[in-house]
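Be aware that the sequence shown starts at 7, since it is given in my numbering, and climbs by one per residue. Worksheet: the structure to be examined is printed underneath.
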Amino acid sequence: MLIGKKPDIPSSEITPKSLWLDRRRFMTGAAVLGAGLSLPRQWAQAAPLQAAKSPLSTTGEELTPLKDVTTYNNYYEFGTDKSDPAANAGGMKTRPWTVEISGEVAKPVTLGIEDILRLAPVEERIYRHRCVEAWSMVIPWNGFPLSALIKHIEPTSKANFVEFTTIADRASMPGLAYPYLDWPYREGLRMDEAMNPLTILAVGLYGETLENQNGAPLRLVVPWKYGFKGAKSIVRIRFVSDQPATAWNTANPSEYGFYSNVNPNVDHPRWTQAKERRIGDFLRRPTLMFNGYGEQVANLYKGMDLKTYF
Ligand SMILES: Nc1nc2c(c(=O)[nH]1)N[C@H]1C(S)=C(S)[C@@H](COP(=O)(O)O)O[C@H]1N2
Ligand SMILES: [Mo]
Numbered sequence: 007m008l009i010g011k012k013p014d015i016p017s018s019e020i021t022p023k024s025l026w027l028d029r030r031r032f033m034t035g036a037a038v039l040g041a042g043l044s045l046p047r048q049w050a051q052a053a054p055l056q057a058a059k060s061p062l063s064t065t066g067e068e069l070t071p072l073k074d075v076t077t078y079n080n081y082y083e084f085g086t087d088k089s090d091p092a093a094n095a096g097g098m099k100t101r102p103w104t105v106e107i108s109g110e111v112a113k114p115v116t117l118g119i120e121d122i123l124r125l126a127p128v129e130e131r132i133y134r135h136r137c138v139e140a141w142s143m144v145i146p147w148n149g150f151p152l153s154a155l156i157k158h159i160e161p162t163s164k165a166n167f168v169e170f171t172t173i174a175d176r177a178s179m180p181g182l183a184y185p186y187l188d189w190p191y192r193e194g195l196r197m198d199e200a201m202n203p204l205t206i207l208a209v210g211l212y213g214e215t216l217e218n219q220n221g222a223p224l225r226l227v228v229p230w231k232y233g234f235k236g237a238k239s240i241v242r243i244r245f246v247s248d249q250p251a252t253a254w255n256t257a258n259p260s261e262y263g264f265y266s267n268v269n270p271n272v273d274h275p276r277w278t279q280a281k282e283r284r285i286g287d288f289l290r291r292p293t294l295m296f297n298g299y300g301e302q303v304a305n306l307y308k309g310m311d312l313k314t315y316f
């Protein structure tokens with residue numbers, strides 16, 4: 007939909023987006039009227055995202071079915087069971103949506119999701135997605151390189167890390183009533199990790215706008231790291247000089263490091279990371295170093311002891 011659209015094109019000319027917003031408006035109206043319309047959920051929440059397949063995509067692996075990608079989730083703000091996010095996330099409002107960009111930048115700015123979507127064409131990126139819990143999926147994400155946003159923002163020379171903060175809305179997120187994590191959920195990347203071409207901000211998957219449970223309207227995807235690095239529903243991106251505190255590392259520093267690179271040689275203290283179960287498979291398969299993306303990212307960690315910096 008937003009392919010090739012540059013900021014100089016008035017948003018009124020981006021037809022598919024207006025259609026998408028109209029659908030949402032229509033649904034809100036229907037809900038307010040309590041008309042009892044039972045339109046398919048997909049139709050209400052998702053809109054087609056045209057995207058050319060990126061050559062950075064993983065090939066030759068079977069995609070995880072959409073149903074599994076949207077119903078087997080981790081999003082603790084909505085509960086800790088895998089089925090909780092799909093069951094509870096429907097009430098989160100993802101429009102209007104703004105992202106505050108602050109910290110070590112020439113000009114701090116708050117961008118609307120529509121502005122962000124105009125920064126770069128949306129691509130399809132088929133990536134392996136490996137949770138620290140030792141399950142994995144293969145997901146066709148729709149997104150654009152985080153580097154496109156960073157180049158637009160122009161961080162200062164003091165920006166060594168990027169911190170991502172996600173939404174904490176008490177009204178729509180039942181999990182926030184419990185101290186599962188130190189809310190709001192936060193994650194972070196070193197600047198070179200953030201600039202790596204594999205790192206994307208995703209706005210959709212399987213060619214449809216992200217469902218709330220997958221982190222609508224904007225979430226981070228870093229395919230060589232454990233899934234928890236992929237902060238969902240981002241509301242703030244802050245450039246900082248020191249390594250930022252992150253939600254899982256704060257909750258349990260001995261189990262979850264800052265780097266969180268997929269590494270079959272560093273076991274979680276309570277289970278092995280040498281193997282994983284691809285969702286839908288019966289047998290476990292060996293986990294690959296850097297989740298199989300070593301060729302593109304191993305150089306980022308040259309000289310670092312990955313057992314210390316896990
Ligand atoms: N805000 C927020 N982001 C989050 C999480 C969360 O609980 N809250 N869980 C993380 C974890 S542990 C994983 S494995 C991935 C899961 O993404 P998926 O449900 O789209 O597969 O989201 C990550 N991002
Ligand atoms: Mo995870």
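The C-beta atom is built at its ideal place from N, Cα and C for all residues, glycine as well.
CB of residue i within 8 Å of CB of residue j, strictly
| i | j | result |
| --- | --- | --- |
| tyrosine 191 | threonine 172 | yes |
| threonine 70 | glutamine 219 | no |
| isoleucine 206 | aspartate 74 | no |
| valine 272 | lysine 235 | no |
| isoleucine 156 | proline 223 | no |
| phenylalanine 170 | leucine 226 | yes |
| alanine 165 | leucine 125 | no |
| aspartate 123 | valine 209 | Strictly speaking, residue 123 in this sequence is leucine, with aspartate absent from that position. Taking 8 Å as the Cβ cut-off, leucine 123 and valine 209 qualify as a contacting pair. |
| isoleucine 243 | valine 115 | no |
| proline 270 | threonine 293 | yes |
| threonine 215 | alanine 53 | yes |
Straight-line Cα distance separating residue j from residue i
| i | j | result |
| --- | --- | --- |
| phenylalanine 32 | phenylalanine 296 | Per-residue confidence for phenylalanine 32 stands at a pLDDT of 37, beneath the threshold of 50, marking its modelled position as unreliable; the derived number appears in the next sentence. So the two alpha carbons sit approximately 44 Å from each other. |
| alanine 257 | tryptophan 189 | 10 Å |
| serine 60 | tryptophan 103 | 27 Å |
| aspartate 87 | glutamate 282 | 19 Å |
| histidine 158 | leucine 117 | 11 Å |
| tyrosine 262 | tryptophan 254 | 6 Å |
| lysine 308 | methionine 143 | 28 Å |
| glutamine 249 | glycine 300 | 23 Å |
| serine 239 | aspartate 121 | 16 Å |
| alanine 304 | histidine 274 | 21 Å |
| glutamine 302 | threonine 65 | 15 Å |
| phenylalanine 288 | glutamate 67 | 16 Å |
| lysine 113 | serine 163 | 13 Å |
| tyrosine 78 | glycine 221 | 13 Å |
| alanine 280 | arginine 291 | 9 Å |
| aspartate 311 | glutamate 193 | 21 Å |
| leucine 55 | valine 241 | 22 Å |
| alanine 237 | glycine 181 | 16 Å |
Where the alpha helix (DSSP H) containing residue i begins and where it ends
| i | result |
| --- | --- |
| valine 303 | 300-303 |
| valine 75 | 72-77 |
| threonine 314 | Run containing threonine 314: none; DSSP gives neither H nor E here. |
| threonine 256 | 253-257 |
| glutamate 199 | 197-201 |
| aspartate 90 | 90-94 |
Cβ shell of residue i (< 7 Å), same chain only, five flanking positions each side left out
| i | result |
| --- | --- |
| proline 146 | Leu69, Glu130, Ile132, Leu211 and Tyr212 |
| methionine 201 | Ser153 and Ile156 |
| aspartate 90 | Phe84 |
| proline 161 | Glu110, Val111 and Phe245 |
| alanine 95 | Tyr81, Phe84, Asn218 and Gln219 |
| aspartate 198 | Leu306 |
Endpoints, the beta strand (DSSP E) within which residue i is located
| i | result |
| --- | --- |
| asparagine 148 | 141-151 |
| threonine 116 | 115-118 |
| glutamate 217 | Looking at the DSSP string, glutamate 217 is not in any beta strand (DSSP E), and its letter there is neither H nor E. |
| glutamate 282 | 281-284 |
| threonine 171 | 167-172 |
| valine 227 | 225-227 |
| arginine 244 | 240-246 |
| threonine 104 | 104-109 |
| glutamate 129 | 129-136 |
Sequence-distant residues of its chain with Cβ nearer than 6 Å to residue i (five each side left out)
| i | result |
| --- | --- |
| glutamine 48 | Note that glutamine 48 scores 43 on pLDDT, short of 50, meaning its location in the model is unreliable; the coordinates nonetheless yield the value given after this. Contacts found: none. |
| tyrosine 315 | Tyr265 |
| methionine 98 | Ser178 and Asn218 |
| leucine 195 | Val168 |
| leucine 39 | With a pLDDT of 38 at leucine 39, under the threshold of 50, the modelled position of this residue cannot be trusted; read the value that follows with caution. Nothing meets the Cβ criterion. |
Given residue i as reference, the closest of the options once Cα atoms are compared
| i | options | result |
| --- | --- | --- |
| asparagine 267 | Lys157, Gln56, Lys231 and Leu152 | Lys231 |
| serine 63 | Pro151, Ser108, Pro54 and Ala140 | Pro151 |
| glycine 149 | Ala58, Ala92, Met201 and Asp90 | Ala58 |
| threonine 278 | Ala140, Lys308 and Glu67 | Ala140 |
| alanine 174 | Thr100, Asn269, Gln56 and Pro275 | Thr100 |
| arginine 276 | Gly298, Arg291 and Ser260 | Ser260 |
| valine 228 | Gly298, Val241, Ile107 and Gln56 | Gly298 |
| serine 247 | Pro180, Ala237 and Ser108 | Ser108 |
Close beta carbons around residue i, own chain, < 8 Å, minus the five adjacent residues each side
| i | result |
| --- | --- |
| glycine 233 | Asn80, His135, Arg136, Cys137 and Val138 |
| leucine 187 | Tyr82, Ala253, Trp254, Thr256 and Ala257 |
| arginine 176 | Leu182 and Ala183 |
Residue i at chain D interface by Cβ criterion, 8 Å
| i | result |
| --- | --- |
| methionine 143 | Considering every chain present, this structure includes no chain D. It has just one protein chain. |
Residue i beta carbon near ligand 3 (any heavy atom closer than 7 Å)
| i | result |
| --- | --- |
| asparagine 80 | Among the ligands in the structure shown, ligand 3 does not appear; only ligand 1 and ligand 2 can be found there. |
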